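In the numbering used here, the protein residues as written are 10 to 165.
No residue lacks a Cβ here, since even glycine has one placed at the ideal position from N, Cα and C.
If you're wondering where the values come from, they're calculated on a predicted model, not measured in any experiment.
Here the structure comes first, spelled out in structure tokens, and everything after it is commentary.
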Amino acid sequence: MTCVTMCINGEAVTEDIEDRTLLVDFLRVRRRLTGTHVGCDTSQCGACVVHVDGEAIKSCAMLAVQCEGREVTTIEGLAEGENLHAMQKAFHECHALQCGFCTPGMILSALDMVRRHGAALDEATIRHELEGNICRCTGYENIVKAIRQGAQEISA
10 MTCVTMCING
20 EAVTEDIEDR
30 TLLVDFLRVR
40 RRLTGTHVGC
50 DTSQCGACVV
60 HVDGEAIKSC
70 AMLAVQCEGR
80 EVTTIEGLAE
90 GENLHAMQKA
100 FHECHALQCG
110 FCTPGMILSA
120 LDMVRRHGAA
130 LDEATIRHEL
140 EGNICRCTGY
150 ENIVKAIRQG
160 AQEISA
């Protein structure tokens with residue numbers, strides 16, 4: 010067991026965990042943050058995307074002990090009370106979800122795109138950046154629209 014301290018969604022957390030514990034399992038099982046999904050266990054689908062120190066990572070491919078002293082943000086950490094984050098609103102307004110399984114990972118990936126590219130995200134860039142996220146329901150038309158709308162609102 011290793012004692013790990015990290016900040017999750019603005020809250021300091023210290024726990025003893027097995028060295029082999031994946032970040033996704035730590036978040037879902039130990040912290041009960043079930044918005045982070047396990048879709049493939051091979052880092053192919055993007056359902057497990059969270060931010061570590063502001064960058065999108067696939068939490069099924071990272072050990073929780075690697076987050077020692079780091080800042081982790083999950084989908085639960087985006088909204089402020091009942092007020093959705095601009096990207097969450099955009100996904101809702103653009104009907105960019107159906108079953109919702111991929112949505113948390115898509116939103117966190119989208120926010121990383123905005124961080125790196127700003128409001129200038131074009132359709133080709135968004136589609137290229139989404140290659141690591143799989144949606145089995147919506148196609149990607151509304152997801153692309155939502156990311157463009159969210160990027161504009163965030164950058165305004």
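Q: Could you check how far apart the C-beta atoms of residue 73 and residue 35 are, in whole angstroms? I think they sit under 8 Å.
A: 4 Å
Q. Would a C-beta distance cut-off of 7 Å place residue 107 and residue 147 closer than the cut-off?
A. yes
**Q.** Inside the region 43-98 only - beta strand (DSSP E) runs reaching at least 3 residues
**A.** 58-61, 64-67 and 80-82
**Q.** Residue burial classification, residue 164 (beta-carbon count within 10 angstroms, cutoff 16)
**A.** exposed
Q: Select from 71, 78 and 69 the residue whose C-alpha is nearest the C-alpha of residue 19.
A: 78
**Q.** Cβ-based neighbour list, residue 95, same chain, cut-off 8 Å, excluding 5 preceding and 5 following
**A.** 159, 162 and 163
Q. Where does residue 25 sit, in a helix, a strand or coil, going by DSSP?
A. strand
Q) Among 70, 57, 75 and 102, which has the Cα closest to the Cα of residue 84? A) 57
Q) Where residue 88 and residue 28 are concerned, what is the direct C-alpha to C-alpha distance, given to the nearest angstrom? A) 31 Å
Q. So residue 64 packs on residue 121, CB below 8 Å; how close in whole Å?
A. 6 Å
Q: Rounded to whole angstroms, what's the CA-CA distance from residue 70 to residue 150? Just pull it up for me.
A: 28 Å
Q: Take residue 52 as the anchor and find which of 38, 68 and 145 has the nearest alpha-carbon.
A: 68
Q) Quick one: Cα of residue 92 to Cα of residue 104, how far? A) 18 Å
Q) Of all the CB atoms in chain D, is at least one closer than 7 Å to the CB of residue 66? A) The displayed structure is made up of one protein chain only, and chain D is not part of it.
Q. What is the DSSP secondary structure of residue 112, reduced to helix, strand or coil?
A. helix
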